[in-house]
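Residue numbers (the working numbering), protein chains in the order written: chain Z, 1 to 315; chain E, 316 to 967; chain U, 968 to 1295.
These notes are about the structure you will find just below.
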């Protein structure tokens, strides 16, 4: 009898690839990643290059012979053209180019922050949930303290400190990562702990313990894999959230600072009705890209979750 | 935990939420109920439409003594009255009782006030006497008559040692003021010699010497009612009692949030982010035609759509190019004045500039040497050549580039048609103009770089292949400029400096731009003298006196006003400033100030950037356009004649 | 249970003490302190005292000459007696200002909260039950749009659509221009009308994550064995869903809802600012940015208490819903 025996990993892969939505998601994400990381070859412009154009301006006839004067201005809010495929923004910079560079930052940022919060949160939450008693109490109270600290004053202080030391853009973004991650892991820890608390009383864990399993193995091999679906949900939601949080923080001087671009701060430049209705190209592309990224992660996440679930009846 | 107790807990949680909602609603209902509308008129049931004005957020310090924000100031001016007010050019109106007719921009206007003022200079005893006679029929909005006692009470509050508001009476050279204000406890100084009551409606103020600014500090103040802010039982002029206990202004602070005065409107309340005002029947120029006025807190970007949509009727949006485009788009005729919105402009009382610290940007520590001046001049040439493109981009027609460190609203500002008027930083090292007529923008930038290199060479820098390779002793090739906006790069000077930075890079000078999120860091740095260059704006006073900002005694940490952040210390300049200060001849002063400006520009410590305009928009649908104050200027705001304004009756 | 509660309460007090100290230190370390800004403005008047002199005078007046720890203990001492001091920014007692602004925020948040729950939970369950159908896709996309775009976006769009274009509502504000001339009942309606767009904004912003959360959890549960058993046993579908499946999704949901209790009172800063609602979010932000220590301390400690309370409540409910969980 020869049957094709597939290992669990191959099973998962097979299930994932069969899922049409997940594949669509992956396709989208690949496109977006390619766009942002390789796109700079396509565009001849710099990220912060300001473009100039000329305008004619009326002036008092008494001052000069000619009624019109040609003046030089920055090409702000120019609609899409062959020169600027997506037009220019309120400062005269090419939008397409900024989308590319901004995308890199936004994507890298959200992935690192989410990775950090998941890592720290899961470790702490699972230890607390598994060991229970005073360890749980201690960790959870620690989580409580973190939750209680208000983020806003901290951001303001950090913003000033970074100004004072005149840190350059790269370091600022790292600091931003750190801070965002540090504030978010506590929520993950609580959710993970909750899950572990209920899982821990299930029979397969009781059996494993009775068999004398090591704590490390128990947590790592049995409990955490059952928490992964939860983590996937959190991850896919937070990826979008982090991009948006970064935009809000830009206002406080902690995010990606002007003139550097990020999808978040490109969205945030639209804050009045006139710009929103007349210059669609300033905000719709950035918003669409964020939406598509979140969509892509969502579909892939869903697919992963289903593929990983051994209880699911997979047809 | 069994099922029933868990169900119970879930219900409890839901219940808490619902109950708190009701409590919140109930609180509002109760609040609403207890404020039974005072506006419900019993005799005339016509519902009067209030006028609604959009404004930035209030700080709720509505006291003429302690107001320190511009929006609060407007409320104070609507509810109070000035002793002597200014005309459209910023000059004081000296014959308020009979009225004075003055010409502005081709039209004759008659100005009224509550007092007549006479200024007599007595050179023999080196004194100036400011004599005032009040109208005898002015009352505050609660019917109490306004007399000299109220003015004297106001003076003494402002002179009090514990006074920490913005009025500067205490630094005016009034006889006896210094002693009174310093609160010398060894010998109690119980009154100020120079403030004298001459009758129920008559008084005078005497200063030592003549100071052009003093008239404003003494006469251009609002009159506070003694019976409301002070205590009439504590007022006895003969016995040196002025309505409160010296050194204790607590009773005046109590009224900070509810002002009372003799202005066209009386203050009702500040609630829900709206200041409610009602017409003052006792206003001396007649009861205002509009009964109810509301000042509603509005975000800047909401100003124009709100006037369009009908939430507010009047607003003052920032006059950026996009804002003006928005207004034109809303009006059917595509203009700034149409059937929906009317627009008026007035110059902003102040100007934007970039400052340079002479002690930090110099050669070999000598801030007034020629080499240092050449160095600063070189930087200034590069920065100033990009002013045009930035201002044209962001402001379009609503701002102009200026060439002297003074606001266009001041009478002392040099005009382009004046003799000797020069564009800022436009002369090369040999005394010839850098730019010629008809040069394109690119050509100008190239000429600027070339001229800057020449100055740097003269300052001792080594130039090779069109770039700076080495700095002379005691000088650097790296400089910093700080911008205190909000860290988002939205300040127009940011674009200007970015361009300048690129150009400086090309000639070997490094400029670092520090875009601060927290403006107070900028001020701290300026005070400590650690900032190379910075962007800011000055707010203009009525008087162009330059002492506070440009006199060498006021360099930070010298014990003066600490406002001379440029660290400019020029003997001739100091002399000229003091001369101009003590003269009362306007044309003489204007000439002296021109010389002062030339020295400041020669030092290259200030690059004047732009003078912008503010705009005021009115709803053409709801406001009767004929009743809007004509010829609004920065010294004569649109609400100066608010008593004449009317709303359109039809279709509100 | 009692012992558990007692222990937790004791721990909470300890936590609050430290959190309070942390917050106070942060406020003292803020660069743009209220006192310094005030001293600067005052010293810039011609003929005024110098900045340093003003600083000393104001610091004494505002009680800042002490170090951080003594300052905190001093504040704590007063606070325990119910005296939270006067707000520097708003020139009135902290409690008074707080009471003025908290009402609107609670109303806004509570209504949005209830609306969110009633909309998102059924939507999430529906999407899960009809996975991969058109309905599921529509709901998912709507939820994702809610997550992808920031709140001010929806606010601006709603304002444009319903106020400028359709003219149904005022652009912003909590009351209309004729408010003072209405009867009390009409005034209440006026306020409610002005709350509609802000509530809608808040709901749209938050609904996305709740829908997704519910949907994913439901999906997990729906495919588990005991549900299959229940169905096999012939249990009617609605009982399967609401009695069995839903209760198991309650767990993570409760954690999320419990931790959103502080948000109810925290105020939605951006929404309040955009609609000019005199709520706690905007007030607190202004206070913090301007270094108003009394108000900020009170507000942040208030939020800390709520956070702890929310977590405690969530823990209790958690144990209530899942009999396997032991409380710690």
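Backbone N, C-alpha and C define an ideal beta-carbon position, used for all residues, glycine too.
- Starting from residue 849 (chain E), follow the beta strand (DSSP E) in both directions and report where the run begins and ends. DSSP places residue 849 (chain E) in the uninterrupted beta strand (DSSP E) bounded by 848–854.
- Item | Whole-Å CB distance - residue 672 (chain E) paired with residue 844 (chain E), under 8 Å assumed | 7 Å
- Determine the DSSP secondary structure at residue 1055 (chain U), reduced to helix, strand or coil. coil
- Item | CB contact below 8 Å: residue 339 (chain E) versus chain U | Bear in mind that a pLDDT of 43 at residue 339 (chain E), under 50, signals an unreliable position, so the number given afterwards is only what the model happens to contain. Yes, residue 339 (chain E) counts as interfacial toward chain U.
- So the beta strand (DSSP E) residue 84 (chain Z) belongs to, where does it begin and stop? Counting along the chain, residue 84 (chain Z) falls outside any beta strand (DSSP E), and DSSP gives it neither H nor E.
- Query: Between residue 1048 (chain U) and the ligand HEM, is the CB less than 7 Å from at least one heavy atom?
  - Reply: In the structure shown, the ligand HEM is absent, as is every other ligand, since no ligand is present at all.
- Partners in chain E for residue 1058 (chain U), counting only beta-carbon separations shorter than 9 Å: 374, 375, 376, 568, 571 and 572
- Considering residue 527 (chain E), what are the terminal residues of the alpha helix (DSSP H) in which it resides? Premise fails: residue 527 (chain E) is in no alpha helix (DSSP H) and is neither H nor E.
- Message: Suppose you measure from the CA of residue 1021 (chain U) to the CA of residue 1003 (chain U); what does that come to, to the nearest Å?
- Response: 9 Å
- Would you mind reading off the limits of the alpha helix (DSSP H) that contains residue 936 (chain E)? Neither: residue 936 (chain E) is in no alpha helix (DSSP H) and is coded neither H nor E.
- Is the shortest distance between the beta-carbon of residue 258 (chain Z) and the beta-carbons of chain E less than 8 Å? yes
- Message: Using a 10 Å radius around the Cβ and a threshold of 16 neighbouring Cβ atoms, would you call residue 353 (chain E) buried or exposed?
- Response: Its pLDDT being 38, under 50, residue 353 (chain E) is placed unreliably by the model, and the measurement read from it follows with that caveat. Exposed, by the Cβ-count rule.
- Task: Measure the Cβ-Cβ separation of residue 727 (chain E) and residue 925 (chain E) and say whether it is below 8 Å.
- Result: no
- Using the DSSP secondary-structure output, state which residues sit across from residue 964 (chain E) in a beta bridge. Partner(s): none; residue 964 (chain E) has no beta bridge.
- Query: Apart from the five residues just before and just after residue 682 (chain E), which ones in its own chain have a Cβ nearer than 6 Å to its Cβ?
  - Reply: Only 673 and 674 meet the Cβ criterion.
- Message: Taking the beta carbon of residue 930 (chain E) as the centre, do at least 16 other beta carbons fall within 10 Å, making it buried, or is it exposed?
- Response: Answer is buried; the Cβ neighbour count reaches 16.
- Message: Please state the DSSP three-state secondary structure of residue 1123 (chain U).
- Response: helix
- Task: Please classify residue 118 (chain Z): is it buried, with 16 or more other beta-carbons within 10 angstroms of its beta-carbon, or exposed?
- Result: With at least 16 other beta carbons inside 10 angstroms of its own, residue 118 (chain Z) counts as buried.
- Between the Cα of residue 378 (chain E) and the Cα atoms of E:568, E:403 and E:748, which residue gives the shortest distance? E:568
- Message: Within a Cβ cutoff of 7 Å, which residues of the same chain sit near residue 782 (chain E), ignoring the five residues on either side of it in sequence?
- Response: 822 and 823
- Message: What does the Cβ neighbour count give for residue 722 (chain E), buried or exposed, with the cut at 16 atoms within 10 Å?
- Response: buried
- Cβ pair residue 811 (chain E), residue 698 (chain E) closer than 8 Å: yes
- Task: Tell me whether residue 355 (chain E) sits in a helix, a strand or coil according to DSSP, three-state version.
- Result: The predicted position of residue 355 (chain E) is uncertain, since its pLDDT is 40 and thus under 50; no value can be drawn from it.
- Query: Buried or exposed: residue 70 (chain Z), going by 16 or more other Cβ atoms within 10 Å of its Cβ?
  - Reply: That one is exposed.
- Item | Proximal residues, the region 1115–1136 of chain U versus chain Z, C-beta separation under 8 Å | 1115, 1116, 1117, 1119, 1120, 1123, 1124, 1126, 1127 and 1131
- With 8 Å as the C-beta to C-beta threshold (strictly closer), list the residues of the region 1242–1276 of chain U near chain Z in chain order. Residues passing the 8 Å Cβ filter: 1252, 1255, 1256, 1263, 1267, 1270, 1271, 1274 and 1275.
- Where do the ends of the alpha helix (DSSP H) carrying residue 766 (chain E) lie? 756–773
- Query: Where does residue 586 (chain E) fall in DSSP's three states?
  - Reply: The three-state reading of DSSP puts residue 586 (chain E) in strand, counting E and B together.
- Message: Is it the case that the region 13–28 of chain Z contacts the region 278–298 of chain Z, given that we only count it when at least three CB pairs across the two stretches are under 8 Å?
- Response: yes
- Item | residue 838 (chain E): contacting residues in chain U (beta-carbon distance under 8 Å) | 1007
- Query: Which runs of the alpha helix (DSSP H) fall wholly inside the region 666–720 of chain E and span at least 4 residues, in chain order?
  - Reply: 685–700 and 702–709
- Beta-carbon contacts of residue 340 (chain E) that lie in its chain and below 7 Å, excluding the five residues immediately before and after: The predicted model places residue 340 (chain E) with a pLDDT of 44, which falls under 50 and marks its position as unreliable, so this point remains unresolved.
- Inter-stretch contact at 8 Å, needing at least 3 Cβ pairs: the region 1143–1151 of chain U / the region 1082–1093 of chain U: no
- Query: Straight-line CA distance for residue 358 (chain E) to residue 282 (chain Z)?
  - Reply: With a pLDDT of only 35 at residue 358 (chain E), under the threshold of 50, the placement of this residue in the model should not be trusted, and no figure is reported.
- Whole-Å CB distance - residue 45 (chain Z) paired with residue 97 (chain Z), under 8 Å assumed: 5 Å
- Task: Take residue 1243 (chain U) and list the residues in its own chain whose beta-carbon comes closer than 8 Å to its own, dropping the five residues that flank it on each side.
- Result: Excluding positions up to five away in sequence, the list reads 1139, 1140 and 1141.
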